[in-house]
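Contents: one structure, followed by commentary.
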Ligand code: KG4
Ligand code: ZN
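Numbering (our numbering), first residue to last: 641 to 977.
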């Protein structure tokens, strides 16, 4: 079969992402971010997200198809994120994609958002193949996945409370940095000393799991005491120390999984993988252990339509039957289920 032409739609959270792929070649990639609309609330408001997707989806699909230089009739399939995510947000992209598939009489695939993140590095690294250990860290999820084959995933570890991105967002708010917190802490930390404050690294006794809620408590307690004692470090030092505490455990646990499985390829996905310190630390550690690292560009780490289309390209190539147009979103979908 020639390389399938697939339209992918992603609306699980606060980015409307649409892309057209030909095989794993990205013909078009468009995104409408809602960050500014949510910033004044200090976090993603589900109702606001769903409405913004409704406004963005039709022009974006139009734009993606136009930029790809294809006619809708040429598409081999249409794919959309089925879950996990915000239910109202998911429904917008899913229903739009199903309607388009019905109108154009094309196969439709509902895709797991996290599987999309697992696929994203494939769009930039043709040599990236399983087995691989993949660190997925975003605003809603933090997990370490052993990719045995494409389609065969074992989640080795996960967070027992907050996701890594959520920790960045909450802590940024607490220290007076803006929303979203990850990029704000990343920028503020640039001139800070990561060793200024030794915040705790939780769950050292569980090799692959994460916990970030204790870090929040300890930052709050530390700052209150430091303010009283008038020993408060500079905000860049605080940001760098918070960042280091989060990055340390993400890196440590990813490489615990590498050690345990003997796998020599490491991938990454999710918004937190945009973090410059995390990217640098993963690179250092991979080089030290002579492990191949496949961390995609920042636009491919954060939510987008291309990663969703990529999974459907593989489904078509493998002859996996499309999904029924009666299928529905699943806001708590779990990888491999
Ligand atoms: O994958 P994503 O775009 O959306 C979700 O599926 O959640 O991830 C968004 C999360 C937010 O929590 C944001 O603060 C975090 O990724 N993030 C970062 C950076 N850029 C985005 N965290 C740390 N450093 C960054 N540079
Ligand atoms: Zn995501």
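All C-beta atoms in this analysis are idealised placements derived from N, C-alpha and C, irrespective of residue type, glycine included. No experiment lies behind these values; they were computed from the predicted model shown.
Straight-line spacing of the CA atoms in residue 748 and residue 862 works out to 52 Å. According to the DSSP assignment, residue 786 belongs to the beta strand (DSSP E) that extends over 782-789. Residue 894 is positioned such that its CB atom lies closer than 9 Å to that of residue 922.
At least one heavy atom of the ligand KG4 lies closer than 8 Å to the C-beta of residue 804.
Under the 10 Å beta carbon count, residue 709 is surrounded by fewer than 16 other beta carbons and is classified as exposed.
For residue 857, there is no enclosing beta strand (DSSP E); the enclosing alpha helix (DSSP H) covers residues 853-869. Annotation: residue 942 is outside any alpha helix (DSSP H) and is labelled neither H nor E by DSSP. With respect to residue 780, residue 941 sits apart: the two C-beta atoms are not nearer than 9 Å. Contact between residue 734 and residue 934 does not hold, since their C-beta atoms are separated by about 29 Å, which reaches or exceeds 8 Å.
Between residue 714 and residue 668, the C-beta spacing is not below 9 Å. Of the candidates 899, 963, 867, 899 places its Cα closest to the Cα of residue 929. Here residue 874 really is in contact with residue 832; their C-beta atoms are around 7 Å apart, less than 8 Å. In the structure shown, residue 665 falls within a strand segment according to DSSP collapsed to helix, strand and coil. At the C-beta level, residue 800 and residue 858 stay beyond 9 Å of one another.
Pairing residue 912 with residue 759 gives a Cβ-Cβ distance that is not under 9 Å. The beta carbon of residue 841 sits closer than 8 Å to the beta carbons of 885, 888, 889, 892 from its chain, once the five residues preceding and following it are set aside; these are given in chain order. Between residue 970 and residue 883, the gap from beta carbon to beta carbon reaches 9 Å or more.
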